[in-house]
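Here's the structure, in C-alpha cells; my notes come after.
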Amino acid sequence: MIEIKHLRTLSVLRDTGSLTATANTLCLTQSALSHQLKDLEQRLGGQLFLRKTRPVRFTPEGDILLKLADEIFPRITKAEHALANLKEDANGRLHMAIDCHSCFQWLMPALKEYQIHWPSVSLDFSSGFGFEPLPALTAGELDLVITSDIQPRNEVHYEPLFDFEMRLVVSPQSPLADKDFIEPKDILDQTMLTYPVQKNRLDVVKHFLQPAGVEPNKWKQADNTLMLVQMVSADLGVAALPNWAIHDFARQGLIVSKPLGKGLWRRLYAAIRASENQRHYLQAFFATARQQCQTHLEGIRAA
C-alpha cells in the first residue's frame with residue numbers, strides 16, 4: 030500500500046512547502062503529482078495534508094508517514110553505502126608488514142583461507158624489521174601491520190588478535206633447564222640470541238631485562254625461528270620466543286622453554302588506519318586470523 034516513492038514525495042513536500050516546488054524537485058508534472066497523492070489518500074482513507082495552506086500543514090495521517098520516512102531513509106542510505114563499500118572492498122588492497130618474524134608461521138595459512146573468500150583483494154608484504162612500519166601505515170604505503178608493540182596514535186586502530194606468552198628457550202644441557210622460572214639475573218652470563226631487530230623493540234628487553242637493569246653477556250642475531258632454535262639446541266645461547274612458535278620443538282626435546290618471571294604475556298595486534306576500521310575486507314581478515322590462530326596455535330589465549 031505504501032511505497033518508497035510516496036514517502037519520498039511527502040518528505041519533499043514538507044521540505045519545499047508547496048506542491049509546485051515538490052513537482053519540480055521530483056521532476057513530475059503537477060498532474061502526475063496530484064494523481065499520486067490522491068491515489069495514496071484513497072488507499073489510506075483520509076487526507077494527508079491540508080490543501081491551500083502555506084507552508085503546507087499535514088494531518089495526523091501525514092505525520093505518521095513522515096515519521097516513517099524519517100526512520101526509513103537513513104537506513105536506506107546506510108544500506109546503499111554498505112553495498113557500495115562491499116563492491117569497493119571486493120577489490121580492496123591489503124599491503125602489510127609483519128613486525129614479528131615468527132608470525133609467518135600462522136599468517137600464511139590464515140591468508141590462504143582468507144583468499145578463498147576474498148580472492149580479489151590485493152595482497153603484498155613488506156619487511157617490518159628494517160624500518161618503522163607505523164609511519165608507512167599512516168602515510169598510506171601500508172594497510173596493516175602485525176605487531177605487539179603499541180605506539181598510541183589517534184590515526185591508528187589496534188585490533189587485538191590473541192595473547193601469547195614469551196618464554197626463554199634454552200638447551201636441554203643448560204643449567205637454566207632445571208629452573209622453575211627465569212629471573213633477569215639468570216641472563217647476565219648468557220648469550221642472547223634474537224631476530225635482527227633493534228634491541229629496544231624486543232619484548233624481552235622492554236618488559237623483562239630493561240626494568241631490572243640487566244644486560245646479557247653477549248648478543249647474536251639469527252634470521253629466522255628455525256635457526257634460533259638450532260643455535261639454542263646446540264647450546265650457543267638462549268632466546269626469548271612466543272610459546273606457540275616453539276611448542277613443537279620443545280615437544281621433540283630439542284629445547285626447553287621456561288617462564289620469564291611469573292609469566293611474560295603479550296598481545297598481538299593488527300594495526301590499521303583508524304579511518305578504515307569498518308571496511309569489510311579488513312574485518313574479515315581479523316576474523317579469519319583469530320579463527321585460524323585459535324584452531325592451530327598451542328598455548329595462546331583469546332584477546
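Using our numbering, you'd call the opening residue of the sequence shown number 30 and step up by one each time.
C-beta atoms are modelled at their ideal positions from N, C-alpha and C, and glycine is treated no differently.
Computed from a predicted structure; not experimentally measured.
HIS325, enclosing alpha helix (DSSP H) - first and last residue: Where HIS325 is concerned, the enclosing alpha helix (DSSP H) stretches over 309 to 325.
Rounded straight-line distance, which links the Cα of ALA98 to that of ASN272: When rounded, the separation of the alpha-carbon atoms in ASN272 and ALA98 is 56 Å.
Whole angstroms is fine: what's the gap from GLN202's alpha carbon to LEU289's? Cα-Cα distance, rounded: 19 Å.
Exposed or buried, which one is ALA268 when buried takes at least 16 other CB atoms within 10 Å? Counting other Cβ atoms within 10 Å of its Cβ, ALA268 reaches 16 or more and is therefore classed as buried.
In chain order, each beta strand (DSSP E) run of at least 3 residues that lies wholly inside the stretch 234 to 311: Listed in chain order, they are 247 to 250, 267 to 271, 285 to 302.
Segment limits, beta strand (DSSP E) that includes HIS124: In the DSSP assignment, HIS124 falls within the unbroken beta strand (DSSP E) covering 122 to 127.
Can you tell which of THR223, ALA263, TYR187 has the C-alpha that lies nearest to the C-alpha of LYS247? Comparing Cα positions, the closest option is THR223.
DSSP-derived helix/strand/coil call for MET195: Under the three-state reduction of DSSP, MET195 is assigned to strand.
Specify, as a first and last residue, the run of the beta strand (DSSP E) that VAL174 falls within. The continuous beta strand (DSSP E) containing VAL174 extends over residues 173 to 176.
Is the CB of LEU255 under 8 Å away from at least one CB in chain B? In the structure shown, chain B does not exist; there is a single protein chain.
Evaluate the contact criterion for the stretch 119 to 137 versus the stretch 162 to 175: three or more CB pairs, one atom per stretch, below 8 Å. At 8 Å Cβ cutoff, the stretches touch.
So LEU94 packs on LEU39, CB below 8 Å; how close in whole Å? About 5 Å separates the beta carbon of LEU94 from that of LEU39, a gap short enough to meet the 8 Å contact definition.
Buried or exposed: SER151, going by 16 or more other Cβ atoms within 10 Å of its Cβ? Classification of SER151: exposed, given that the 10 Å Cβ count is below 16.
Expected contact under 8 Å - CB spacing of VAL258 and LEU283 to nearest Å: Contact holds; Cβ gap of about 6 Å.
Which residues in the same chain have their Cβ closer than 8 Å to the Cβ of ASP192, if we skip the five residues on either side of it in sequence? If we look at ASP192 and ignore the five residues flanking it on each side, its Cβ neighbours are TRP294, ARG295, ARG296, LEU297, ILE329, ARG330, ALA331, ALA332.
Please list, in chain order, all residues of the same chain as VAL199 whose beta carbon is under 6 Å from its beta carbon, the five residues on each side excluded. Closer than 6 Å at the Cβ level, and outside the excluded window around VAL199, lie LEU205, ALA206, VAL267, VAL285.
For the beta strand (DSSP E) containing PRO221, list its first residue and its last residue. Note on residue identity: the sequence assigns Met, not Pro, to residue 221. Element bounds for MET221: 220 to 223.
Measure the alpha-carbon distance for SER155 versus ARG196 and round it to whole angstroms. When rounded, the separation of the alpha-carbon atoms in SER155 and ARG196 is 27 Å.
Rounded separation between TYR310 and GLY121 - CA only: Rounded to the nearest angstrom, the two C-alpha atoms are 7 Å apart.
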